[in-house]
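Protein chains: 2
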Amino acid sequence: MSDEATIAAPSPAPPAPTGPPPKVTNRGRAAAPAASANSETSDIPEYEYFIQPGPRGYPPLTEYLDISEVDMMKRPDESNKIAHHTALYHSDYLIVRRGQEFQVKITFSRPYKPAEDKFALEFVIGSSPQFSKGTYVPVFPTKQRQTTWEGRITNTSDNVVTMAITPAANCIVGKYQMYVAVVTPYGIRRTRKESTRDMYILFNPWVAEDAVFLDDETERQECVMTEMGIIYHGSYDDIAERDWNYGQFNYGILDSCLYIMDRAEMPITNRGDPIKIVRVASAMLNSRDDEGVLVGNWSGDYTYGVAPTSWTGSTDILLTYNSSKMPVCYAQCWVYAAVFNTFLRCLGIPSRVVTNYYSAHDNDGNLKTDIIMDENGKIDRNRTRDSIWNYHCWNECYMSRPDLPPGFGGWQVVDATPQETSDGMYRCGPASVQAIKHGQICFPFDAAFVFAEINSDVVFHSRRKDGTMEPVRVNRTHVGRLVLTKSPGDVTRRDITDQYKFAEGSTEERTVLEKAEEYGCKREKSSPPAADVDVVLPNLEISVGDNFELNVEFENKSDERRTVDAYISGSVVYYTGVASTEFLFLTPRVVIEPKMNKKEVAIVESKKYMKRLVEQANLHFIVTGKIRETGQIITAMKVITLRNPKLIIEVSGRGKVSEEMIATVEFTNPFSFNLENVYIRMEGPGMMEPKSRYYRLVIGGSSLTWTEYFTPQRAGTSRVIATLDCPALRQVQGQASVTISP
Amino acid sequence: MSDEATIAAPSPAPPAPTGPPPKVTNRGRAAAPAASANSETSDIPEYEYFIQPGPRGYPPLTEYLDISEVDMMKRPDESNKIAHHTALYHSDYLIVRRGQEFQVKITFSRPYKPAEDKFALEFVIGSSPQFSKGTYVPVFPTKQRQTTWEGRITNTSDNVVTMAITPAANCIVGKYQMYVAVVTPYGIRRTRKESTRDMYILFNPWVAEDAVFLDDETERQECVMTEMGIIYHGSYDDIAERDWNYGQFNYGILDSCLYIMDRAEMPITNRGDPIKIVRVASAMLNSRDDEGVLVGNWSGDYTYGVAPTSWTGSTDILLTYNSSKMPVCYAQCWVYAAVFNTFLRCLGIPSRVVTNYYSAHDNDGNLKTDIIMDENGKIDRNRTRDSIWNYHCWNECYMSRPDLPPGFGGWQVVDATPQETSDGMYRCGPASVQAIKHGQICFPFDAAFVFAEINSDVVFHSRRKDGTMEPVRVNRTHVGRLVLTKSPGDVTRRDITDQYKFAEGSTEERTVLEKAEEYGCKREKSSPPAADVDVVLPNLEISVGDNFELNVEFENKSDERRTVDAYISGSVVYYTGVASTEFLFLTPRVVIEPKMNKKEVAIVESKKYMKRLVEQANLHFIVTGKIRETGQIITAMKVITLRNPKLIIEVSGRGKVSEEMIATVEFTNPFSFNLENVYIRMEGPGMMEPKSRYYRLVIGGSSLTWTEYFTPQRAGTSRVIATLDCPALRQVQGQASVTISP
C-alpha cells in the first residue's frame with residue numbers, strides 16, 4: 001500500500017441506492033412496538049418452568065392438578081349473558097360487562113384442594129401482554145394485592161369448580177383470550193389456546209364504578225339496548241323522521257367495531273378509556289385521512305355506491321367495511337351519526353343521535369355566518385360562501401370526564417361528519433354538553449366548534465361598490481333553533497335545546513355568549529336597527545310535483561307609507577343549505593300603507609323545480625329588499641321540504657318467534673315520468689337482515705309490489721323499515737310495526 | 001306498449017360501474033371549497049364596471065386617474081425592511097410584519113386630487129378572496145368603517161403618492177398579491193396582476209396587539225432573529241452541545257414554510273392564528289399520517305437517507321421537501337425540533353428548542369415508567385417495555401392563549417416528534433408551560449402528555465413466578481431532571497427546569513401532582529421503604545475506543561453487615577433508552593460491613609463495546625440487586641456518553657463582507673480500523689450555504705483535510721459548523737467562530 005493510499009481523498013458521492021427504501025422499523029425507537037390490534041394475539045406457553053431441566057429433562061408436572069374442561073357458561077339463556085344484558089348479541093362467545101361478576105365452570109382431573117392447589121384464570125388481550133399494562137391479568141380464587149380484578153369460588157362439586165370473576169370497572173374493553181393456569185413449585189401448566197374460551201368484555205352503564213355509568217334504566221334501555229331508532233330531519237317548523245336499524249347486536253357487528261379501533265391502530269392500553277375510544281372513533285367513522293368507515297358525498301351523484309338516503313341501517317355498512325377493509329360509499333351527516341351510534345351502543349357506551357336545526361357549519365368556531373347582498377338588498381350568491389345546514393346530526397354519548405374539572409361529565413357531543421374548514425380536523429369531540437351550555441369552551445375537545453354550530457349569528461352584509469361591506473341585519477336566533485332526539489322508550493321526539501343553551505334573551509344566555517367571546521369566539525358587534533317593515537313567509541305542506549302559491553306577506557309597522565323593492569328568490573337546496581338551482585326570481589315593488597299588510601303572491605309551478613330537485617327535495621325561499629323611504633334592508637328565509645310519496649309496507653303472519661311471516665312493499669310512481677334504476681331496501685331488527693331489490697324501470701303512474709318472507713327470531717315489538725332510491729327520486733320511506741309473541 | 005310493461009318487475013342489479021370512482025366533489029356540501037393553498041391565487045379583473053355597456057361598449061375610464069408605477073420599497077436597506085426586522089430575509093419581495101405601518105409609492109398619470117380621486121390598495125391572499133374572511137382587504141387613504149387595516153397618505157409630490165398601510169395585528173400571515181384600484185363612477189380600474197407587487201406579511205413580536213408579542217428585545221433577538229443555535233443533548237450530568245444553523249432567512253425558506261401549510265391544506269382563513277398554525281405544523285413536521293416534512297428513523301440504518309446526526313442545519317431539509325414534495329429522510333427528536341424552530345422563527349413566532357433530560361416517553365400521559373425485575377432483582381428485559389429517553393428535544397413558542405382562561409399565555413410546548421402510543425396523535429401542543437407547571441392539564445392541547453414527560457415516576461417491579469408484580473422501588477426524581485435551552489444573546493445554557501416544575505419536595509410540587517391526578521393521571525401510590533444499602537455509579541469521561549474501569553460503590557448505612565447479590569449490567573443504548581446490546585454482565589456477591597463502603601470494579605474493554613456502538617455512543621449501566629438479610633431491592637442507573645473525536649475547523653482570510661475566505665476541515669481517524677462511506681457537511685449562516693463531501697475510505701490512523709472557499713455576505717459574528725458521519729462513527733462535530741467586519 002503506497003503512502004498516497006493512506007491519505008484520504010474525496011470521492012464523488014456514490015449513487016443513491018435504488019429500489020424502495022426498507023420499511024423503517026421501530027428498532028432504537030422503543031423496546032417493543034405498542035400493541036394496537038385486538039385481532040393480534042400472543043401465544044402463551046403451555047408449560048412455563050421455573051427451574052433448569054434435570055438430566056431427564058423437565059419433570060412432567062402430572063402429579064399436580066390438571067384441567068379437563070372449561071365451561072364459559074355463554075349460552076344466551078345462562079346467567080352470565082342475562083345478568084350482563086348481553087343476551088341479544090348474535091355471537092358464539094361469552095360477552096360480559098366490566099365491573100360486574102360473571103362465572104365460569106372448570107372441571108379438574110380431581111377434586112380441587114384449596115390448601116395445596118394453586119390455580120389462576122388468566123385474561124390476555126392483544127400481542128405482547130403485560131401485567132403492568134392491564135393486557136395480562138391473572139385472577140386467583142382468593143384476594144391478591146396488586147390485582148384489580150377479583151376472583152372467588154362460588155361452588156365446588158366433585159371435580160368441578162365454579163369461579164366468579166369481576167373484571168376491574170376500568171379494564172380494557174375488547175376481545176380477550178382466557179387460560180386456566182395451574183401453578184406448581186416447578187412451573188406453570190396452562191390450558192392450550194382455544195378460541196371457544198375467547199370472550200368479550202364491554203363497557204357497563206349499569207355499574208357505578210364504570211366511567212359510562214348512567215343511573216336511569218329507561219335511558220339505558222334506550223341508549224344501549226334499543227336497536228331501532230328515529231333520526232329527525234326536515235326543517236325546524238316541519239320536522240321529518242327517518243327510521244334506522246342500528247343493529248348493534250347483529251352477527252359480526254361487535255367484531256366490526258373492534259376492527260375499527262384496530263384499523264386506527266389504537267393502542268390496546270387506551271381501550272379502557274371511553275374518552276379516548278370515542279375520540280378515535282369520531283376520526284375513524286369518516287374516511288378522511290385514515291381510510292375510515294364512510295366516504296362522504298353530498299354531490300347528488302352516487303353512481304359508485306349507495307345513496308346516503310337509501311340506507312336503512314348500520315349493519316350492511318359495518319359488515320362491508322370489515323370484510324372489504326375499504327371505506328364504504330356514501331354517507332351524509334345522519335349516516336355518520338347512525339353508524340357511530342351503532343359503534344357506541346355495541347361497545348356499551350350510552351349514546352343517542354341528536355339533530356340540530358339550522359346548524360352553522362364550516363365556520364371554524366367563529367360565531368358568524370355571513371350573507372352578502374348588493375347595495376339594493378339582492379343576495380350576491382357568488383360572494384356568499386357560508387351556509388347554514390337545514391339540520392345537522394351528531395351523537396351524544398354519556399360518560400364521566402375525569403380529565404376536566406368537576407361538572408362536565410354526562411352527555412358529550414361527538415361528531416364523525418368531516419368538517420371542511422376546521423383545521424384539518426376530521427374528528428370532533430367529546431365535547432361536554434354542560435361546557436357548551438355554560439360557554440366553557442376552553443375545555444377539550446372541540447367545544448368551541450360545537451358552540452358555534454348552535455350559537456352563531458346570521459349577519460347580512462350590504463356590499464358597496466368599492467368592495468367594503470357593512471352589516472345591515474343580524475339575526476341572533478336563527479341558528480340552533482331546535483335540538484331534538486328520540487324520547488327514551490317511546491317513538492316520540494324530545495326537545496333537548498335547553499340542554500345546549502339558555503332561553504333566548506335570558507341573562508344567562510348573554511353571560512354565556514360573553515364567556516365564549518373571552519375564549520376567542522368572534523361575534524358581530526354591530527346591531528343595525530330593525531326595519532319597520534316585516535316580511536313573513538308561510539308554512540306550507542306541499543307534495544313533490546305539486547303546483548302551489550307562495551304568499552309573501554309584508555307588514556308596515558310605521559305610520560307612513562312604505563315602498564319596498566323586493567327580491568323573491570326560490571332555489572332548490574341541499575340539506576346543507578347550499579343552493580343548487582334558482583327556479584324562481586321575482587322583483588316586485590310593494591307599496592304598503594301605514595299600519596297595513598300587503599300580500600305578494602308567487603306562483604310556483606312544479607315543472608320549474610321538478611327536473612332540478614336534489615335528494616332531500618328542499619325548496620329554499622329568500623325574500624330580501626330595500627325600503628325606499630328609509631334605505632333599510634329587510635330579509636326573510638324559509639325552507640319548505642316537499643312531501644315524497646311513501647312506501648306502503650304490510651306484514652302478515654302469526655307473529656310468533658321462528659314462524660315464517662310475509663312483508664309486502666308497495667310503491668306507486670305518482671309522476672307522469674318513468675323512474676329508472678330503482679333500489680328498494682328493507683330490514684327489521686330481530687326479524688330480517690338487510691335485503692334489497694333492483695328495478696330497472698318503474699313507468700310513470702305504475703305500481704310495484706315486493707313480497708319477502710322472513711322469520712322473527714325474538715319476541716317483542718319491532719319495525720320493518722324500507723327505503724326506495726333512484727337518481728330521480730330519493731328519500732322515499734315506509735315502515736310497519738310488528739309485534740312478535742314468544 | 002303492452003300492459004305487462006307498465007307493471008314494474010324486479011331485475012337483477014346492474015353490474016357495478018368499472019374504473020376508478022370519480023373524485024368526490026364538494027358540490028352540495030359547501031357553496032365553495034375552502035381556500036387552503038397560499039400558492040393558489042385568483043385573478044382580479046382589470047376593469048370592473050358598475051354599469052351596463054352602452055351602444056359603443058364600456059366607456060374607457062381614461063379620463064380618470066391612472067396608475068403608472070408602484071414602488072414596493074422593498075430593498076433591504078429601505079425603511080420598510082429595516083423597521084420590520086426583515087432585512088435579513090433573502091427574498092425578492094417586500095416582507096413586513098402585521099400591526100405595523102409600511103409604505104409604498106404610487107406614481108399616477110397626474111397629480112392626485114384627494115377631493116375627487118378615489119383609490120384603494122387591495123391586498124388579496126389565496127383563491128376565492130372574500131372581504132368577510134379577511135382574504136380580500138381594500139385599504140383607502142382615509143379611515144373607513146369596517147376595515148381593520150389602516151391607510152394614510154404620508155407624502156405627495158407631483159404625481160407620486162406615498163401611502164402608509166398598517167395591516168391588522170391579527171391578519172392572515174402569508175404571501176399576498178397587491179393591486180392598486182381606482183374607483184370611478186362607472187367602475188373600477190386596477191393594476192394588472194404583477195408578481196413584483198407580491199409581498200409577505202409575517203407575525204410581529206414587536207407589536208403589543210399581535211398574539212405573539214414578546215416584550216423583551218434580547219429574547220426577540222434570540223428567538224426570532226438568531227440563525228445559529230445550540231441544541232443540548234448527552235446526559236443530565238454530562239451535557240453535550242450540537243450547533244445548528246436554523247437558516248430561517250435563507251433563500252426559499254419562507255416559501256418552504258408556507259408550502260408546509262399548503263401541503264396540510266390548512267384553510268387560509270386560519271393562518272392569522274398562531275395557535276392553529278403551530279398545531280398544524282406539529283403534525284406536518286413529521287411524515288406520519290400526512291406526508292409531512294421528516295421521516296423518523298431510530299434504527300441505525302440510514303442507507304436510504306441522511307443520518308439524523310449528520311445534518312448541520314434546516315436549510316437542506318426544507319428546500320428538499322419543497323422541491324421534491326416528498327418527506328425527507330431521516331430525523332430524530334432534535335432534527336424535528338430544529339426544523340420546527342426554523343419554521344416558527346421564519347414566520348415570526350418567537351421560539352426556542354429545549355431539551356428535557358430523562359424524558360418519559362410513550363406512556364400516554366400516565367405518570368409511571370415501569371421497570372420489571374425478577375424475584376432476585378435482575379432486570380427482565382423482555383418484560384420491560386417502557387423506556388426513558390436520555391433526553392428529548394421539543395420546542396417552545398411564545399403567544400397569548402385567548403382560547404384558555406387568563407394566565408396560560410406565554411411559552412407553549414409544541415413537539416413534532418411522532419409519539420408511538422399517544423392515541424394516533426402524531427402532533428403535540430401547543431401546551432401552556434404555565435398550565436404544565438401548575439398541573440392544570442385539562443386545557444388543550446396535550447398538556448397531560450407533556451406533564452408526564454417531565455413528572456413520571458420510575459417504578460421498579462418485582463415479578464413473582466405466578467405473573468403478579470409488586471412495586472419494590474419508586475424513583476420520583478429521575479424523570480425530567482433538567483430542562484435546558486440556549487441563553488438569549490449568548491452561547492451558554494440556561495436552566496429552565498423551574499418554569500416546568502416546582503422544586504423537588506416542595507409543598508407546591510405535591511399540590512401540583514395531586515391536581516394532575518384529579519385530571520386522570522395515574523401515579524404509583526405505594527412507597528416501598530428505601531433500602532439501607534445505597535449503590536452509586538461514578539461520573540466518567542471516556543473517549544470512544546478507551547478501555548476503562550467502572551467503580552460501583554456500595555454503601556451500607558445500617559448497623560449490621562449486609563450481603564448484596566448484585567447484577568451489574570452494561571449495554572449500548574440508543575438515546576431513547578432502548579438497549580441495543582448487553583456487553584457486560586457481572587453477578588458479584590458483595591459483603592459490606594456496618595456503616596462501611598465497598599467498591600466493586602468492573603473492567604470495560606473497548607473491544608467489547610466498539611463493534612456494537614450505535615450512533616450516539618451511549619453506554620448504559622444498571623446495577624440492581626437484592627439484600628440477603630432484608631430482601632430489599634437496590635437499584636442504580638447511569639448513562640455514560642463516550643467522547644467522539646472532533647473535527648478541527650480553521651478559517652482564514654480578511655474577514656470582510658464580500659471578500660473570499662477559506663475554511664479548512666481536518667479529521668484524523670483515531671482508530672486502528674478504516675472508516676468507510678464518510679460524509680462531511682459544513683455550513684455557516686450568512687457565510688456559506690450547506691456543502692458536503694464524500695470520502696469512500698478513511699484508513700485507520702490517517703487524516704483528511706477539506707478546504708472550501710466562501711464569501712461572507714454580511715457583517716457580525718457567526719460560526720462555521722461541520723459534522724462527519726459514517727456508519728461506523730456518527731455524531732462527530734466541529735465549529736469555528738468567525739467575525740466579519742463590514
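So the protein sequences, as listed, match chains A and B. For reference, each letter of the first sequence is one residue, going 1 to 742 in UniProt numbering. For reference, each letter of the second sequence is one residue, going 1 to 742 in UniProt numbering. Every residue, glycine too, gets a C-beta built ideally from N, C-alpha and C.
Could you check whether the Cβ of residue i sits closer than 8 Å to any Cβ belonging to chain B?
i, result
"A/Ala120", "yes"
"A/Pro402", "yes"
"A/Gln130", "yes"
"A/Met469", "yes"
"A/Arg242", "no"
Might you give, ordered along the chain, the residues of its own chain that have their beta carbon closer than 7 Å to the beta carbon of residue i, omitting 5 neighbours on each side?
i, result
"B/Arg476", "Asp457"
"B/Ser2", "The predicted model places B/Ser2 with a pLDDT of 39, which falls under 50 and marks its position as unreliable; any figure quoted below should be read in that light. Answer for B/Ser2: no residue qualifies."
"B/Glu605", "Asn547"
"A/Tyr93", "Lys74, Asp198, Met199 and Tyr200"
"A/Tyr304", "Cys329"
Just to confirm my understanding: we take residue i, look at its own chain, exclude 5 residues before and 5 after, and list those with CB closer than 6 Å. What are they?
i, result
"B/Val472", "Phe460, Ser462, Pro528 and Ile633"
"B/Trp334", "Ile231 and Cys393"
"A/Leu344", "Ser351 and Cys397"
"A/Val544", "Ala617, Leu642 and Asn644"
"B/Leu65", "Phe108, Asp117 and Val182"
Would you mind sorting residue i into buried or exposed? The rule is 16 or more other CB atoms within 10 Å of its CB.
i, result
"B/Ala13", "exposed"
"A/Ile603", "exposed"
"B/Ser132", "buried"
"B/Ala503", "exposed"
"A/Val295", "buried"
"B/Val491", "exposed"
"B/Phe585", "exposed"
"A/Lys325", "exposed"
"B/Asn395", "buried"
"B/Ala338", "buried"
Answer yes or no: do residue i and residue j have a C-beta to C-beta separation smaller than 8 Å?
i, j, result
"B/Gln100", "B/Val224", "no"
"A/Thr166", "A/Tyr179", "no"
"A/Val293", "A/Tyr321", "yes"
Could you check what DSSP says for residue i in three-state terms: helix, strand or coil?
i, result
"B/Asn390", "strand"
"B/Phe102", "strand"
"A/Thr320", "helix"
"A/Trp334", "helix"
Return no unless some Cβ of chain A is closer than 8 Å to the Cβ of residue i.
i, result
"B/Phe443", "yes"
"B/Pro405", "yes"
"B/Pro12", "yes"
In chain order, what residues of the same chain have a beta carbon less than 8 Å from the beta carbon of residue i, not counting five sequence neighbours either side?
i, result
"A/Asn618", "Ser235, Asn390, Val572, Val573, Tyr574, Tyr575, Val639, Ile640, Thr641 and Leu642"
"A/Gly348", "Arg97, Val173, Leu202, Phe203, Asn204, Pro205, Val212 and Val224"
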